[in-house]
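Only one structure is covered here, and it is reproduced in the block below.
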């Protein structure tokens, strides 16, 4: 029984982190129709910046905030300098459809290699800001610690904040408008380029949060060639696809669902099956329900 | 310039001549270059598989490293457990990878760009973990892949590397010749039609899904062959031989080659072979710190990928050709 409850806790916590990454991918997809494979690199860079701030100020919370600001800055820079140039130069031709994919992938490699060049490939470690020892209830230790509580609340808070931003504010309206139809939004006076950059910036912040929260909740080790960040990207992508790649709530639900499924596989089957399960889940969703579990726009082909 | 009419025969003769030239070249250069020649041939095959998929069929795969791994493992297992001749091992590699590709391709045919890219990326990230799951795959250490010493009839000074080079180069030539032919056939035209406009292709009676799946299957088979050749040159297969960066490098090579034409493939392959050497030279000048030596090759490859996509998205060759065509058009207008 306790094992079952603990598995649910583990699933929800890791799911919350996948959700943050999925939110980042969804935001960029909605604003520019690009799946940003560089998101893992941007998150990694932001986490390193966060690590530097921890060394300087000895406060995880301040560092988390500053890392998110840095992540937003990186996102905005990547969009306004890199992606805009790309879209201007590669609008036509046989490669136009795949150029953004290739370019963001190149960026991922570039960020990783430059980071490795700058700080070396040895691990640094980020210690958890609050205890990662599980709560105890009547003699049983739960797999749910203050740190995990923080992670889950951070994800929930971000999701609520973003939902309000998208549905209740003018900025949100213009974000949705430019995603829906850039041409018409432009005619209606929305500065589409700026709004897109804003989407990238929010995504950068969400990705930074994912990186900063994932690192201490795992082993605490951080390195430029970290497999954890590749997996974060892949699981975030799978979570986003489960949610339909369009909706923020879908991204969160997808993240939690994926986290739970993987946690149950990990506990009751085998650790080395985790990845295959995620991959099979992705394929099944794509084949059976490509519009995602939320599935608003049925007409779209995957 | 009058264009030489390209027929099946002239193309075949071209590849035979190329083979003869390579044969003499292989006898004249030193061991390191011979070994690099084998690696070059491997890259030619691998990049060709990506060009076929991306340039001709309009699908993008970030996971061809994983398909190469499937081919490499298939060849190694056949060799180790059944002891079959090397050619049959290569054929098994092609078949197994093509089978995996057809499964993936069936899903892929229904996916557009970013979904397919993400799915194949997931495969490339996750496939190595499978090696630890089954004992037949040998875990982290992987498996040995020994193609055997060159036949004694080749002479005493015929080295192992030269033997690798011969096998790899011959394989690459056969693959390129075959791909040239298939791309000029009905299938090649179908793929290009689908890439150009799916709806139009469908109206013209082409089964879009089948056509895409076939392209993915063929491309996977070729990638699997490249994986077997790679496994031969390093005599092992292990998860670390097929890292995520391999898939990225191949994509860089394909973009450099110009994804829409098979003829540039050698440019991409040469660049990928030269990059570690250049990186090595630079890092030695910078004092060979560990940071530099491990990260510089990756940095160069990614930077190159970005520069090419931004500046010459259709590849340097295609860019030159279109510039020349424009100039010619201007000249006739005057």
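Chains as they are written, first to last, in our numbering: chain A, 1 to 302; chain B, 1001 to 1334. Where is the CB? At the ideal position from N, CA and C, for every residue including glycine.
Same chain only: Cβ atoms within 6 Å of residue i, ignoring 5 sequence neighbours per side
{"i": "residue 1119 of chain B", "result": "none"}
{"i": "residue 1004 of chain B", "result": "With a pLDDT of only 49 at residue 1004 of chain B, under 50, the local geometry of the prediction cannot be trusted, and the value read off the model is given with reservation. Nothing listed; no residue qualifies."}
{"i": "residue 263 of chain A", "result": "7, 10, 11"}
{"i": "residue 1015 of chain B", "result": "1173, 1177"}
{"i": "residue 1249 of chain B", "result": "1272, 1301"}
{"i": "residue 1105 of chain B", "result": "1213, 1216, 1217"}
Check: residue i C-beta below 7 Å from any heavy atom of the ligand ZN
{"i": "residue 126 of chain A", "result": "In the structure on display, the ligand ZN does not appear, and there are no ligands present to speak of."}
Identity of the residues DSSP links to residue i by a beta bridge
{"i": "residue 137 of chain A", "result": "A/140"}
{"i": "residue 277 of chain A", "result": "Beta-bridge pairing links residue 277 of chain A to no other residue."}
{"i": "residue 1144 of chain B", "result": "B/1236"}
{"i": "residue 222 of chain A", "result": "A/124"}
Proximal chain A residues relative to residue i, where beta-carbon distance stays under 8 Å
{"i": "residue 1244 of chain B", "result": "230"}
{"i": "residue 1122 of chain B", "result": "234, 237, 238, 278, 279, 282"}
Residue i - DSSP class collapsed to helix/strand/coil
{"i": "residue 35 of chain A", "result": "coil"}
{"i": "residue 245 of chain A", "result": "coil"}
{"i": "residue 125 of chain A", "result": "strand"}
{"i": "residue 1236 of chain B", "result": "strand"}
{"i": "residue 1286 of chain B", "result": "coil"}
{"i": "residue 1111 of chain B", "result": "coil"}
{"i": "residue 289 of chain A", "result": "coil"}
{"i": "residue 1158 of chain B", "result": "coil"}
{"i": "residue 111 of chain A", "result": "helix"}
{"i": "residue 116 of chain A", "result": "helix"}
{"i": "residue 1206 of chain B", "result": "coil"}
{"i": "residue 7 of chain A", "result": "helix"}
{"i": "residue 1291 of chain B", "result": "helix"}
{"i": "residue 1356 of chain B", "result": "Since the first residue shown for chain B is 1001 and the last is 1334, residue 1356 of chain B is missing from the structure and cannot be characterised."}
{"i": "residue 205 of chain A", "result": "helix"}
{"i": "residue 212 of chain A", "result": "helix"}
{"i": "residue 1149 of chain B", "result": "coil"}
{"i": "residue 1261 of chain B", "result": "coil"}
Residue j beta carbon less than 8 Å from that of residue i
{"i": "residue 1064 of chain B", "j": "residue 1325 of chain B", "result": "no"}
{"i": "residue 283 of chain A", "j": "residue 1046 of chain B", "result": "no"}
{"i": "residue 251 of chain A", "j": "residue 19 of chain A", "result": "yes"}
{"i": "residue 9 of chain A", "j": "residue 213 of chain A", "result": "no"}
{"i": "residue 111 of chain A", "j": "residue 38 of chain A", "result": "yes"}
{"i": "residue 1237 of chain B", "j": "residue 1143 of chain B", "result": "yes"}
{"i": "residue 1265 of chain B", "j": "residue 1088 of chain B", "result": "no"}
{"i": "residue 1102 of chain B", "j": "residue 1213 of chain B", "result": "yes"}
{"i": "residue 1069 of chain B", "j": "residue 1227 of chain B", "result": "yes"}
{"i": "residue 278 of chain A", "j": "residue 229 of chain A", "result": "no"}
{"i": "residue 1097 of chain B", "j": "residue 1253 of chain B", "result": "no"}
{"i": "residue 1201 of chain B", "j": "residue 1208 of chain B", "result": "yes"}
{"i": "residue 96 of chain A", "j": "residue 208 of chain A", "result": "no"}
{"i": "residue 317 of chain A", "j": "residue 76 of chain A", "result": "Lying before the first or after the last residue shown, residue 317 of chain A is absent from chain A, which here runs from 1 to 302."}
Partners in chain B for residue i, counting only beta-carbon separations shorter than 7 Å
{"i": "residue 275 of chain A", "result": "1126, 1129"}
{"i": "residue 289 of chain A", "result": "The contacting residues do not exist; residue 289 of chain A stays about 12 Å from chain B at best."}
{"i": "residue 113 of chain A", "result": "1295, 1298, 1299, 1302"}
Spatial neighbours of residue i in its chain, beta-carbon cut-off 8 Å, leaving aside the 5 residues before and after
{"i": "residue 1013 of chain B", "result": "none"}
{"i": "residue 298 of chain A", "result": "Low confidence applies to residue 298 of chain A: its pLDDT is 46, below 50, so where it sits in the model is not reliable enough to give any reading."}
{"i": "residue 86 of chain A", "result": "99, 100, 103"}
Proximal chain A residues relative to residue i, where beta-carbon distance stays under 7 Å
{"i": "residue 1020 of chain B", "result": "Ordered by position in chain A, no residue passes the 7 Å Cβ test against residue 1020 of chain B, which lies about 34 Å from the chain."}
{"i": "residue 1306 of chain B", "result": "103, 106, 107, 110"}
{"i": "residue 1248 of chain B", "result": "105, 109"}
{"i": "residue 1316 of chain B", "result": "Neighbours of residue 1316 of chain B on chain A: none; closest Cβ ~13 Å, over 7 Å."}
{"i": "residue 1301 of chain B", "result": "109"}
{"i": "residue 1054 of chain B", "result": "98"}
{"i": "residue 966 of chain B", "result": "Given a span of 1001 to 1334 for chain B in the structure shown, any question on residue 966 of chain B remains unanswerable."}
{"i": "residue 1060 of chain B", "result": "98, 101"}
{"i": "residue 1073 of chain B", "result": "Here the premise fails: no neighbours, minimum Cβ distance about 16 Å."}
7 Å CB neighbourhood of residue i in its chain, flanking five on each side removed
{"i": "residue 1117 of chain B", "result": "1060, 1062"}
{"i": "residue 196 of chain A", "result": "31, 32, 79, 178"}
{"i": "residue 1139 of chain B", "result": "1131, 1132"}
{"i": "residue 300 of chain A", "result": "Confidence at residue 300 of chain A is low in this model, with a pLDDT of 43, below 50, so the placement of that residue should be treated as unreliable; the coordinate-derived value is given next. Closer than 7 Å at Cβ, skipping near neighbours: 291."}
{"i": "residue 1002 of chain B", "result": "Any reading at residue 1002 of chain B must be qualified, since the residue scores a pLDDT of 44, below 50, and its modelled position is unreliable; no value is offered."}
{"i": "residue 215 of chain A", "result": "47, 126, 222"}
{"i": "residue 1275 of chain B", "result": "1297, 1300, 1301"}
{"i": "residue 1080 of chain B", "result": "1143, 1144"}
{"i": "residue 45 of chain A", "result": "74, 111, 115"}
{"i": "residue 29 of chain A", "result": "35, 245"}
Contacts of residue i in chain B (Cβ-Cβ under 9 Å)
{"i": "residue 85 of chain A", "result": "1310"}
Cross-chain neighbours of residue i in chain B, by beta carbon under 8 Å
{"i": "residue 337 of chain A", "result": "In the structure as shown, chain A starts at 1 and stops at 302, and residue 337 of chain A therefore has no counterpart that could be examined."}
{"i": "residue 283 of chain A", "result": "1107, 1119"}
Partner residues on chain A for residue i, Cβ-Cβ distance less than 9 Å
{"i": "residue 1133 of chain B", "result": "270, 272, 273, 276"}
Neighbour list for residue i in chain C, Cβ cutoff strictly below 9 Å
{"i": "residue 1291 of chain B", "result": "Here chain C cannot be found, since the structure's protein chains are A and B."}
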